[in-house]
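Chemist: Below are the structure tokens for one structure; questions will follow.
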Amino acid sequence: MSPRTPFTTRFAPSPTGLLHKGHAFSALKAFEAARQAGGRFLLRIEDIDITRCKPEFVDAIYEDLHWLGLEWEEPVRRQSEHFPDYHAALNQLAERGHIYRCFKTRKEIMEDIARAPHHPGEGPDGVIYPGPAKPMSPDDEASRLDRGDAFAWRLSISAVKAELGDISRLSFVEEGEGPGGESGTLAIQPDLIGDVILGRKDVGTSYHLAVTLDDSLQGITHVIRGQDLFFATSVHRILQALLNLPAPLYRHHKLLTGKDGKRFAKRNKSQTLQAIRQSGVSAKTLRMQLGFNW
88 MSPRTPFTTR
98 FAPSPTGLLH
108 KGHAFSALKA
118 FEAARQAGGR
128 FLLRIEDIDI
138 TRCKPEFVDA
148 IYEDLHWLGL
158 EWEEPVRRQS
168 EHFPDYHAAL
178 NQLAERGHIY
188 RCFKTRKEIM
198 EDIARAPHHP
208 GEGPDGVIYP
218 GPAKPMSPDD
228 EASRLDRGDA
238 FAWRLSISAV
248 KAELGDISRL
258 SFVEEGEGPG
268 GESGTLAIQP
278 DLIGDVILGR
288 KDVGTSYHLA
298 VTLDDSLQGI
308 THVIRGQDLF
318 FATSVHRILQ
328 ALLNLPAPLY
338 RHHKLLTGKD
348 GKRFAKRNKS
358 QTLQAIRQSG
368 VSAKTLRMQL
378 GFNW
């Protein structure tokens, strides 16, 4: 990263529901960091899930963030408008043998795991899929494609290791704090990844691929996000290495929780920014409650 590169960060919500206090905290953390550094703050709409993302939620994101007092550069990048970028990256990974088509259903994968004598267990994305015992033959794959069967593009960790060697030597700089207090220069944890999904037949990308590519394309120097995404950094660092992309610095922050100790979620409608605003609470009051005194 060039020392002349301006501090650039982003807030990247998914319009699958209304924003809540946890989103406000994360957006304000990024906005405040950019302002203190004299840098750039970007808004990105992560709407690759075309079945769950709704235009009304996009409109609500703009309304809520403007109400909070945030400003961002235009134009706003909307992922749904850039599927060709993600397809190109997938094609590059496929041509180099880093990904493969997986036709197994979740039920079939769970059955395979149950039969495995030494399974890696659970990771941050759920059950870790270690990959097939042996690759599907080209004839079988062609037959499944001819039938129109659904499939997922999965990252082949074995292929990645064959090219990059000991991938645990990949590291990232954590300027914030991981869920276990991790900070500084940290090695990735490939054992928690498995063959993660990078795209599907019907949706040509995944969160992991889209966010990694977008951060590079938008010149993001600092990724500021919640600790729930801390372990995803291992996947993103691998993709950065494979696609020859720069590695930003990371600042993971704590997650807000309610009185019950559970972190805020979109299903908790009483804590949406819309509901808070309609109750008469001012943006300044909410900012102060969240620790931002301006």
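According to this note's numbering, the sequence shown is numbered sequentially starting from 88. For glycine and all other residues, C-beta sits at the position ideal for the given N, C-alpha and C.
Taking only three categories from DSSP, how would you classify Arg234?
Modeler: Here residue 234 is taken as the residue at index 147 of the sequence shown, counted from 1. If DSSP states are grouped into helix, strand and coil, Arg234 belongs with the helices.
Chemist: Can you name the residues that DSSP bridges to Phe98?
Modeler: The residue labelled residue 98 in the question sits at position 11 within the sequence shown. Looking at the DSSP assignment, Phe98 forms a beta bridge with Leu130.
Chemist: Just how far apart, CA to CA, sit His174 and Leu296?
Modeler: In the sequence shown, the residue the question calls residue 174 occupies position 87. In the sequence shown, the residue the question calls residue 296 occupies position 209. Their backbone Cα atoms lie some 10 angstroms apart in a straight line.
Chemist: Kindly say whether Asp146, judged by its beta-carbon, lies nearer than 8 angstroms to any beta-carbon of chain C.
Modeler: Here there is only one protein chain, and chain C is not present.
Chemist: What did DSSP end up calling Glu264 once you bin it into helix, strand or coil?
Modeler: Along the sequence shown, read from residue 1 onward, the residue named residue 264 stands at position 177. Coil at Glu264, not helix or strand.
Chemist: Following the continuous beta strand (DSSP E) through Val310, name the residue where it begins and the one where it ends.
Modeler: Your numbering for residue 310 matches position 223 in the sequence shown. Its beta strand (DSSP E) spans residues His309 to Gly313.
Chemist: Using beta-carbon positions only, say whether Leu285 and Ile186 come within less than 8 angstroms of one another.
Modeler: Within the sequence shown, residue 285 is the residue found at index 198, counting from 1. Within the sequence shown, residue 186 is the residue found at index 99, counting from 1. Their beta carbons are under 8 angstroms apart, which means Leu285 touches Ile186 by this criterion.
Chemist: Between Gly70 and Gly109, what straight-line distance do the alpha-carbon atoms span, to the nearest angstrom?
Modeler: Coverage of the chain is limited to positions 88 through 381, which leaves residue 70 absent and any answer about it impossible.
Chemist: Count the C-beta pairs between the region 189 to 200 and the region 318 to 325 that are closer than 8 angstroms, then say yes if the count reaches three, no if not.
Modeler: no
Chemist: Would the beta-carbon of Phe112 fall within 8 angstroms of that of Leu343?
Modeler: Sequence index remark: in the sequence shown, residue 112 carries index 25 (1-based). Sequence index remark: in the sequence shown, residue 343 carries index 256 (1-based). Result yes, Cβ atoms of Phe112 and Leu343 sit closer than 8 angstroms.
Chemist: Thinking C-beta only, is Leu273 closer than 8 angstroms to His309?
Modeler: On the sequence shown, residue 309 is found 222 positions in, with the first residue counted as 1. On the sequence shown, residue 273 is found 186 positions in, with the first residue counted as 1. In this structure, Leu273 does not lie closer than 8 angstroms to His309 by Cβ.
Chemist: Between which two residues does the beta strand (DSSP E) carrying Ala352 extend?
Modeler: Here residue 352 is taken as the residue at index 265 of the sequence shown, counted from 1. Run containing Ala352: none; DSSP gives neither H nor E here.
Chemist: What residue range does the beta strand (DSSP E) around Leu155 cover?
Modeler: Locating residue 155 in the sequence shown gives position 68, where the first residue counts as 1. Run containing Leu155: none in the beta strand (DSSP E); it sits in the alpha helix (DSSP H), Pro142 to Leu155.
Chemist: Thinking just about the alpha-carbon of each residue, which of His107, Leu130 and Thr103 is nearest to the one in Ile72?
Modeler: Outside the displayed range of the chain (88 to 381) lies residue 72, so it cannot be described from this structure.
Chemist: From which residue to which residue does the beta strand (DSSP E) around Ala239 run?
Modeler: In the sequence shown, the residue the question calls residue 239 occupies position 152. Run containing Ala239: Ala239 to Leu242, per the beta strand (DSSP E) assignment.
Chemist: Quick one: measure Cβ to Cβ for His339 and Glu250, integer angstroms, because I've assumed they're closer than 8 angstroms.
Modeler: What you label residue 339 is simply residue 252 of the sequence shown in a count that begins at 1. What you label residue 250 is simply residue 163 of the sequence shown in a count that begins at 1. The Cβ separation is near 28 angstroms, so there is no contact.
Chemist: Put Ala334 into one of helix, strand or coil per three-state DSSP.
Modeler: For this step, residue 334 is matched to residue 247 along the sequence shown. Of the three classes helix, strand and coil, the one that applies to Ala334 here is coil, per DSSP.
Chemist: Whose CA, out of Arg165, Ala239, Asp282 and Tyr149, lies closest to the CA of Val214?
Modeler: In the sequence shown, residue 214 corresponds to position 127, counting from 1. Minimum Cα distance to Val214 is reached at Asp282.
Chemist: Terminal residues of the continuous alpha helix (DSSP H) containing Gly109?
Modeler: Position 22 of the sequence shown, counted from the start, is the residue given in the question as residue 109. Residues Lys108 to Ala124.
Chemist: Could you pull the start and end residues of the beta strand (DSSP E) that Leu273 belongs to?
Modeler: Along the sequence shown, one-based indexing puts residue 273 at 186. Taken as a continuous stretch (DSSP letters only), the beta strand (DSSP E) holding Leu273 covers Gly271 to Ala274.
Chemist: Grab me the residues of Ser89's own chain with a C-beta within less than 6 angstroms of its C-beta, minus the 5 sequence neighbours each way, in chain order.
Modeler: For this step, residue 89 is matched to residue 2 along the sequence shown. Because the pLDDT of Ser89 is 49, which lies under 50, any placement of that residue in the model is unreliable, and the question is left without a value.
Chemist: Taking its Cβ as the centre, do 16 or more other Cβ atoms sit within 10 Å of Asp302, making it buried, or is it exposed?
Modeler: As a working mapping, residue 302 is identified with position 215 in the sequence shown. Looking at its Cβ environment, which holds 16 or more other Cβ atoms inside 10 Å, Asp302 is buried.
Chemist: Looking at the secondary structure, which residues open and close the alpha helix (DSSP H) in which Tyr216 lies?
Modeler: In the sequence shown, counting from the first residue as 1, residue 216 sits at position 129. Neither: Tyr216 is in no alpha helix (DSSP H) and is coded neither H nor E.
Chemist: Helix, strand or coil: how does DSSP classify His169 here?
Modeler: Looking up residue 169 in the sequence shown gives position 82. His169: coil per DSSP, three-state reduction.
Chemist: Between Leu105 and Leu377, which are expected to be in contact by the criterion C-beta below 8 angstroms, what is the C-beta distance as a whole number of angstroms?
Modeler: Here residue 105 refers to the residue found at position 18 of the sequence shown. Here residue 377 refers to the residue found at position 290 of the sequence shown. Not quite, the Cβ-Cβ distance comes to about 17 angstroms (not below 8 angstroms), so this is no contact.
Chemist: Tell me His339's beta-bridge partners as DSSP assigns them.
Modeler: Position 252 of the sequence shown, counted from the first residue, corresponds to residue 339. Answer is Arg312.
Chemist: So, with DSSP's three-state summary, where would you put Thr359?
Modeler: As a first step, residue 359 must be located in the sequence shown, where it is residue number 272. Thr359: strand per DSSP, three-state reduction.
Chemist: Which first and last residues belong to the beta strand (DSSP E) in which Arg287 is found?
Modeler: The residue labelled residue 287 in the question sits at position 200 within the sequence shown. Where Arg287 is concerned, the enclosing beta strand (DSSP E) stretches over Ile284 to Arg287.
Chemist: Taking the beta carbon of Asp134 as the centre, do at least 16 other beta carbons fall within 10 Å, making it buried, or is it exposed?
Modeler: Residue mapping note: residue 134 aligns to position 47 of the sequence shown, counting from 1. Around the beta carbon of Asp134, a 10 Å sphere encloses 16 or more other beta carbons of the protein chains shown; the residue is thus reported as buried.
Chemist: Ordered along the chain, which non-local residues of its own chain (more than five positions away) have a Cβ less than 7 angstroms from that of Ile307?
Modeler: Counted from its first residue, the sequence shown places residue 307 at position 220. Correct list, in chain order: Thr95, Thr96, Arg97 and Pro335.
Chemist: Would you check if the distance between the CB atom of Lys288 and the CB atom of Ala237 is smaller than 8 angstroms?
Modeler: Walking along the sequence shown from the start, residue 288 turns up at place 201. Walking along the sequence shown from the start, residue 237 turns up at place 150. For Lys288 and Ala237, yes; Cβs fall inside 8 angstroms.
Chemist: State the Cα-Cα distance for the pair Gly252 and Tyr216, rounded to the nearest angstrom.
Modeler: As a working mapping, residue 252 is identified with position 165 in the sequence shown. As a working mapping, residue 216 is identified with position 129 in the sequence shown. Those two C-alpha atoms are separated by around 20 angstroms.
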